[in-house]
Amino acid sequence: MRKTTRILVYLAVGFGFVLAWLPAGRSLLFGSDPTDIDMNDSLQTEDIITDDAWRTPIPDLGYREREGRALFRHYCALCHGQSGEGDGFNAYNLDPKPRDLSDHEFQTAQTDEDLAEVIGGGGGDAGLSNAMPPWGKVLGERKIGYVIAYLRTLADSLPETD
Amino acid sequence: MKLEKMITGSRVWRSIVRHGVEPTNRNRVLTVVQNVFLHLHSAKVRRRNLEFSSTYYLGAVSLILFAILVGTGIVLMIYYHPSVPQAYNDMKELKFVVGSGMFLRNMHRWAAHGMVIVVFLHLLRVFYHRAYKPPREFNWVVGIVLLLMTLLLSYTGYLLPWDQLAFWAVSVGTNMVKAVPVLGDRIRYLLLGGNVVGESALLRFYVLHCVILPLALTIGVGVHLWRVRKDGSVAGSSGRKRG
Amino acid sequence: MRNDGGGLDRIWFWFAAMSFVFLVVLAISPIKDYFREYRKYQIDYRDQLLERAGTSRELRDANREGVRIRQIWNPDYPNRVDRCTSCHLGVENPGMADASPPLRTHPMTPHTPEQFASFGCVTCHRGQGRATTMMDAHGLASDWATPMLPLRYTEASCGTCHMDEEVPEANLLSRGRTLMAELGCYACHEVDGHEAWESDAPDLDGLSRKTSPEWLRTWIADPQSVRPTTKMPYIQLGQSEIDSLVAFLWTRPAGEDDFLQDEENPAGDPDRGETLFRESRCISCHTVDGRGNGSAAELSGIASKVNRRWLIEYLENPHALQPETKMPRYYFTRQDLLDLSQYLMDELWDPEAPPPVEQAFRPPQKMVEGGMRTFRKYGCSGCHQISGLTDRSRIGPELTGIGRKPVDQLDFGRRDDLPRTLHDWIGAKVSSPRSFRDGLKMPQFILEGEDLTAVITALLSNTGEVIPEEYRVERVIANYDPPGRFGELVDRYRCLSCHEVEGVGGDISTAPLTVEGSRVQESWLKNYLLRPSTIRPILTDRMIPLRMPEEDAAFLANFMQNVYVDDDIPARLFSEEPDPANVRRGSHLFYERYGCQACHMIDGRGGYFGPLLDEAGVRLKPGWVYWWVLGSQRWRDDVRCPDYGVPDRDALDLAAFISSLGRTP
Amino acid sequence: MEPHEDKNKGDLSRRKFFQTAGITACALVSGGASILGFDFLRPRVLFELPTKFTLTRPDAIEVGSVITDEPHHVYVARSSHGFRALSSVCTHLGCITRYSPDEGIIACPCHGSKFALDGEVIAGPAPRPLPCLQLDLSPSGLIVVDTSIEVPQETVFKL
């Protein structure tokens, strides 16, 4: 009899401890507060736009390509065109015409180093037209790297022909 | 004279000081021999009090846990700076960099939880067995003080990791202190070393946790055990008549 | 003492068992240590290095790589310890560009790889630098409030130190910040450093003299359906709110509502008006059916919006009706105004606009009061000024520090579909703000695709962190006020709407005026102000003929000639006329060596992106040409004329050649 | 009594087994604990300046001049033969020495030791020459010093 009482007392105390130390004990016992909802009578629920614009796929350009795109549009697109096809508005009077950069064969034939050389040193130094100016001093190695990263995305958008 | 008699004749006095107050030689000897600070080793112990008797070992377990806490605590101090925000960074160092750091920190933490539980169970058992009755009423009081110190150690240790849990627990706890009549605000001010839980509060809690409270607890445990030797342990208390 | 032997046995059994348990417990820590995540990456890295090693030195370096925690510790940046390199081992090694993560080389960016030691990783990518496990380091553990930024938002971190609107080499962030200012986020939300933001939305006083209640109603109900390019958002008002708002605006200030009455202005000649419209180059700022510069309002549909009397008044002196407008004040004659307005009213009306109701609109007082409450409630006064309502309190919550807000402090409302991340929350908040709860006030902006990403990036960049002084790149707020009579004229002609001077002013013109005096010749400038000639034929936004009186032009040209000069630009390059030999050599350099004709046209030959050089000898000063050729980026750093690295002698010859153009010998 | 003895014997061997097992486990525990203790005390990361660091371009140092890197306690001297990196910590009692360009020597302010630019002791109580350190060239062409690697005194690094 004494032994049972003792066990019972210990059990009760132990249970009390477990309950008191339970991290979720509070919400278990008291529940959570209901959120106050402030209704606006003049606004119909169907008026609310719940479009999921945030879900629209983010254009798949990385940081370097994005920077490259900005530089390309600022410095290169005047002659080479927005999509790099050599049809920029300043190309009209040029002879020879600017290179079509989206050309798949051109893209595969040129390594990044080749491109960097022409962009940095200009067409004259590389034995091409001197209408392609040198950008090395304006852009520097890193930004030319961005531009090349973007150029590569221009070729990828072409359907592959055989 | 009458006041002195009233004090020395009182129950509280007699539960602490067991010998008479008359200036006899016997009392002079007893003053020394029956004082834990002047005579740690008991001059006379009942054989029964030394028996390795059947018990729940709750007191012994708390003592061992305390020893573990002291050991791990000292080791953890090697990698801890009581400063904002370095304290929290040090927790991260223990977790991610220091060899066995997390193991020691967990040992310290679980031993602390365990000690609070075991000390409390120890109190329940003493209470259940009515071991607080004379001659052990003084030791009961000492025990209660030890329980309070255990809780205080636990509480001061809570702030040291300097995380959100610690910060708010101590903010709430020290605001409770304000409820103490008259002195509440002042106690909180002293405890925190200011009005907010900040750098100085962390340092104060650190000193309390690592030096003042452990020292006090060690002394208290000394008195407590010494009294146990003199008066017999809980195990022997129930069902036996004094004398 | 009975059962002594058995009792002791039991004790020894427990001794053995407990000792064993103790051993097991002790083994936990070293075993866990052995299986730490970075170990396997470090061993893998060393293997890859050994495989790639080409020289004995590389082999030696590879063999030196042991298993240890690597960290970037920066004492200047308080508490900055990054251990990311314990797993991302190859970030600084250019040879690992083709390795798979986490060993791959970090791409080249403005601060990497040179400044890893002073920036570390967490500064840009967030996460938990001290951690050495993937979950913890990437901030995915629940005890860490700032998880790693997804890569597409990483530019947000540029903005923690760079406070400027335009951050170099972070065009997504720059775009986001520009959008925030343009869309007027700061009208409702307080953000540190943008207290001085000013709206360019029109003042709303006197609407009853300008437009019709019907048009106003359609406009407020959904501005973008009337004019898709407008910056005014869709406020999502209920019908009763729209009605009361119109009533309120109509009575500010209380007065006439004679929308249709226009006796004093006789009809004009629409054909002459059209010629005037073209000559005045309105599309240098305005658009018509989307064509034009776009910095000012779209003009198609203008006839359905305003009445002719208001239009005439406005064209006569825009500053009287809209003191903050960027529109310059032309010198139009009375007949000009009649013809121009006739053309606009005849041609540029919107077939979908509601027809104006004939009778006068007299809203009841109660409705007007309700409208005022609505006006206040939705914070309209954040953008629009209106007399009698001077409190421009911001109705939205402060956004300083939004970029680092812990996710558990965000209110997701009924958006259970959203992932529990800060960037998703911000994205949904700016793209469909009312979907979180009923009763929210934020209007609907049209933000999609990259614009949305840009705004999220800009918001994430606002961390409210305290950055060490040496890392901060403060926002430069230019402050320049042209003095005296010159200032009055600049204000009248609103030169700064298009031209930049000392960092102040618009960006419509490619020509900042800060050093105009060193650039062009005074006589040319005076003539240009009177009758602008075409310098860049392909631009839509060209200089507008302001019809200014000659004395104004002379004064402006003279002032700029004397004040807007730069001592670094040689005022006189040649003491006398340049040697024809130099001119010839310059011509050769121009065409053969540097290929300048790719952009510049002379006598109809060459590309036409750059300015025409036909009359360059009359227009430009030789010293300017010389200075320009030696480094045009010194003028504006985004000038498209490349820096050829021209030697000094070539520059002199080119200057000689260009100064000889268009001059009668 | 025999069965009793047998039983005792069995008891004894079992007891012995537990004793041995327990004591072995305890020994392993204490051995392991001391290793773990050492591991705990040994810092795995250091909050100190890295021993390997980058300095300027080689041509920024003129022939015959010495540059001092104070935080890392290093001199880099350039002679007509090449470059040499020296520790600036005095070999006597660890004070930080100073280079005096007028005399062309390195002097210690504490006890008056003097060193030549190749590290050799000229005067004073210093027992050893200043240690000569490893020099290297980074891929981007900057001088890299590694204070953790000592090289023989006569080493001179050429470009």
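Chains as they are written, first to last, in our numbering: chain A, 1 to 162; chain B, 1001 to 1243; chain C, 2001 to 2665; chain D, 3001 to 3159. Glycine included, every Cβ here is placed at the ideal spot set by N, Cα and C.
| query | result |
| --- | --- |
| H80/A beta carbon less than 9 Å from that of L61/A | no |
| Own chain partners of F3157/D with C-beta closer than 6 Å, once the 5 adjacent residues on each side are dropped | G3082, F3083, L3135 |
| Closer than 9 Å to chain A by CB, Y1128/B | yes |
| For E3150/D, the first and last residue of its enclosing beta strand (DSSP E) | 3143 to 3151 |
| Cβ of A2651/C within 9 Å of any chain A Cβ | no |
| Within-9 Å CB hit, V2091/C to chain D | no |
| Unbroken alpha helix (DSSP H) run spanning T3212/D, endpoints | Here chain D comprises residues numbered 3001 to 3159, so residue 3212/D is not present and cannot be evaluated. |
| Where V1032/B falls, given that 16 or more other Cβ within 10 Å makes a residue buried | exposed |
| Cβ contact check for the region 2481 to 2500 of chain C and the region 2170 to 2185 of chain C: 3 or more pairs under 8 Å | no |
| Near-chain B residues of the region 2017 to 2034 of chain C (beta-carbon distance less than 7 Å), N- to C-terminal order | I2028, S2029, D2033 |
| DSSP state of V3121/D mapped onto helix, strand, coil | strand |
| Chain-ordered residues of the region 3029 to 3044 of chain D with a beta carbon less than 9 Å from chain B | L3036, G3037, F3038, D3039, F3040, L3041, R3042, P3043, R3044 |
| Beta-bridge partners of C3132/D, as assigned by DSSP | L3086/D, V3151/D |
| At least 3 beta-carbon pairs within less than 8 Å: the region 2270 to 2282 of chain C vs the region 2387 to 2406 of chain C | no |
| Span separating the alpha-carbon of N1089/B from that of L1225/B | 40 Å |
| Cβ neighbour criterion (16 or more within 10 Å) applied to D52/A | Note that D52/A scores 47 on pLDDT, short of 50, meaning its location in the model is unreliable; the coordinates nonetheless yield the value given after this. That one is exposed. |
| Closer than 9 Å to chain B by CB, R99/A | no |
| Counterpart residues of Y2591/C in DSSP-defined beta bridges | Note: Y2591/C sits in no beta bridge, so no partner. |
| Beta-carbon contacts of G124/A that lie in its chain and below 6 Å, excluding the five residues immediately before and after | N130 |
| Within 9 Å, strictly: CB atoms of T2325/C and P2202/C | yes |
| Beta strand (DSSP E) segment containing Y3075/D, residue limits | 3074 to 3078 |
| Bridge partner(s) assigned by DSSP for S3100/D | I3105/D |
| Interface residues of chain A facing L1124/B [CB-CB closer than 9 Å] | V9, Y10, V13 |
| Cβ-based burial, M1006/B [other Cβ within 10 Å; buried from 16] | exposed |
| Other residues of its chain near W2197/C: CB distance less than 7 Å, five sequence neighbours each side excluded | A2181, Y2186 |
| Per-residue contacts from G1073/B into chain D (C-beta, under 7 Å) | The contacting residues do not exist; G1073/B stays about 14 Å from chain D at best. |
| At least three beta-carbon pairs within less than 8 Å, the region 133 to 145 of chain A to the region 83 to 99 of chain A | no |
| Buried versus exposed, by CB contacts within 10 Å (16 or more), Y183/A | The structure shown does not extend to residue 183/A, since chain A is modelled only from 1 to 162, so the question has no answer here. |
| Meets three-Cβ-pair contact criterion under 8 Å: the region 2408 to 2422 of chain C and the region 2117 to 2132 of chain C | no |
| Rounded separation between Q2561/C and T2514/C - CA only | 11 Å |
| Counted within 10 angstroms of its Cβ, other Cβ atoms place N2079/C as buried (16 or more) or exposed | exposed |
| Straight-line Cα distance separating H3111/D from G145/A | 56 Å |
| Presumed contact (8 Å Cβ cut-off) between L1151/B and V1116/B, rounded CB distance | 7 Å |
| DSSP-derived helix/strand/coil call for Y10/A | helix |
| Terminal residues of the beta strand (DSSP E) in which R2080/C lies | 2080 to 2082 |
| Contacts that S1100/B makes with chain D (C-beta to C-beta distance below 9 Å) | L3036, G3037, D3039, F3040 |
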